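A.B. asks: Numbering (this note's numbering), first residue to last: 20 to 109.
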Amino acid sequence: MGPTGWLETYTFPTEARMRDLQFARQVYERVVSRTLSFGTTTAVYFATLDVEPTKVLVDVALECGQRALIGKVCMDRHSPETYCQKPMPR
Numbered sequence: 020m021g022p023t024g025w026l027e028t029y030t031f032p033t034e035a036r037m038r039d040l041q042f043a044r045q046v047y048e049r050v051v052s053r054t055l056s057f058g059t060t061t062a063v064y065f066a067t068l069d070v071e072p073t074k075v076l077v078d079v080a081l082e083c084g085q086r087a088l089i090g091k092v093c094m095d096r097h098s099p100e101t102y103c104q105k106p107m108p109r
């Protein structure tokens, strides 16, 4: 399976599920806990396209005591139309 197949089969559907903030919290708690268990005290994460689940990741990192640089994904091409972010009006 090439990169596009992986994205369409796994990544985009999972990221769409992150709009459910309880699901996002469960995933992010596992990710941050696991990262910390390997001794990583500072991490860089790119969350998802949506702001609210990204804020959940910020909360989880703070609650777990991990220093983190957290970014929101910004994607406007090579993905399903439902995943692309529309430009903000000026």
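We put the CB at the ideal spot given by N, CA and C, even for glycine.
If you're wondering where the values come from, they're calculated on a predicted model, not measured in any experiment.
1) Tell me whether Leu81 is buried or exposed, calling it buried when 16 or more other Cβ atoms sit within 10 Å of its Cβ.
2) Let's test the definition: count the other Cβ atoms within 10 Å of the Cβ of Tyr47 and tell me whether it reaches 16, buried, or not, exposed.
3) Could you name the residues that DSSP lists as bridge partners for Val70?
4) Distance check for Leu68 and Thr30, CA to CA, integer angstroms please.
5) Looking at the structure shown, is Gly24 part of a helix, part of a strand, or coil, going by DSSP?
6) Given a threshold of 16 other Cβ atoms within 10 Å of its Cβ, counted over all protein chains shown, does Pro106 qualify as buried or as exposed?
7) Would you tell me roughly how many angstroms separate the C-alpha atoms of Glu71 and Phe42, rounded to the nearest one?
8) At 4 residues or longer, and completely inside the region 54 to 101: list those alpha helix (DSSP H) runs for me, N to C.
9) Work out the CA separation of Met94 and Gln104 for me, nearest whole Å.
C.D. replies: This is what the structure holds:
1) The residue labelled residue 81 in the question sits at position 62 within the sequence shown. Result: exposed.
2) Start at 1 with the first residue of the sequence shown, and residue 47 comes out as number 28. Tyr47 comes out buried.
3) Locating residue 70 in the sequence shown gives position 51, where the first residue counts as 1. None, per the DSSP bridge assignment.
4) On the sequence shown, residue 30 is found 11 positions in, with the first residue counted as 1. On the sequence shown, residue 68 is found 49 positions in, with the first residue counted as 1. Cα to Cα, Thr30 sits roughly 12 Å from Leu68.
5) The sequence position of residue 24 within the sequence shown is 5, counting from 1. The answer is helix: DSSP assigns Gly24 an H, G or I state.
6) The sequence position of residue 106 within the sequence shown is 87, counting from 1. Its Cβ having fewer than 16 others within 10 Å, Pro106 is exposed.
7) Here residue 71 corresponds to residue number 52 of the sequence shown, with the count starting at 1. Here residue 42 corresponds to residue number 23 of the sequence shown, with the count starting at 1. Whole-angstrom Cα-Cα distance: 12 Å.
8) 70 to 83
9) Against the sequence shown, residue 104 aligns to sequence position 85. Against the sequence shown, residue 94 aligns to sequence position 75. If I take the Cα positions, the gap works out to 6 Å.
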